Each structure stands twice: as C-alpha cells, then as structure tokens.
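Before any comments, here is the structure.
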Amino acid sequence: MTIDTNIEAVRPANVTKGDIIEDPAGGRWLTVREIRVDSSRYRDVFSFYGSGPDDRVIVVDTEKVRRKSDVSDDGRAR
0 MTIDTNIEAV RPANVTKGDI IEDPAGGRWL TVREIRVDSS RYRDVFSFYG
50 SGPDDRVIVV DTEKVRRKSD VSDDGRAR
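Residue numbers (numbering that gives the first Met the number 0): 0 to 77.
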C-alpha cells in the first residue's frame with residue numbers, strides 16, 4: 000500500500016481536532032489538540048493549539064489554513 004500526503008487550503012471553520020495544519024510563522028506542521036473561537040460582530044478569530052507551549056496558530060475566518068492528510072492508494076485518509 001502506498002501513502003501520499005495531500006495538502007489542501009481550507010477555511011478555519013473546517014479544521015477539527017487531530018488535523019495537521021501548517022504553522023507558517025514557525026515553518027512547521029502542528030497537530031491540533033484544542034480549538035478556540037472568538038466571535039465579534041465582523042469576524043471570527045480561530046486559535047489552534049498543539050501540545051507544546053509554542054504550538055499555536057491564530058487566523059481570522061477570511062484566511063485559509065493549509066491542512067495535510069495522508070491518503071493511501073485505496074483513497075482513505077489516514
């Protein structure tokens with residue numbers, strides 16, 4: 000079985016716990032352990048946290064987040 004990595008740009012609202020997202024400021028990937036959303040009248044601010052003290056990515060709802068997933072040759076995400 001072959002496993003490829005797919006990278007897609009998604010809205011922050013589509014990110015869930017366990018997803019692997021890009022931390023562009025840190026130049027690395029982060030496994031999401033916690034999600035917080037602060038809503039205001041004009042926009043939502045999403046904060047994604049990993050397991051370490053510096054593991055956080057903060058974006059507004061109009062931005063895209065790069066998420067990766069491993070997909071086997073049978074088409075199922077891992």
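All C-beta atoms in this analysis are idealised placements derived from N, C-alpha and C, irrespective of residue type, glycine included. Computed from a predicted structure; not experimentally measured.
- Listed in chain order, the non-local C-beta contacts of Ser50 below 8 Å within the same chain comprise Thr30, Arg32, local neighbours out to five positions each way being set aside.
- Burial check for Val9: the Cβ neighbour count within 10 Å stays below 16, so the residue is exposed.
- For Ala12, the three-state secondary structure derived from DSSP is helix.
- Secondary structure note for Val44: its beta strand (DSSP E) is the uninterrupted segment 43-48.
- Boundaries cannot be given for Ser39, as no beta strand (DSSP E) includes it and DSSP labels it neither H nor E.
- DSSP places Thr30 inside the beta strand (DSSP E), whose first and last residues are 27-30.
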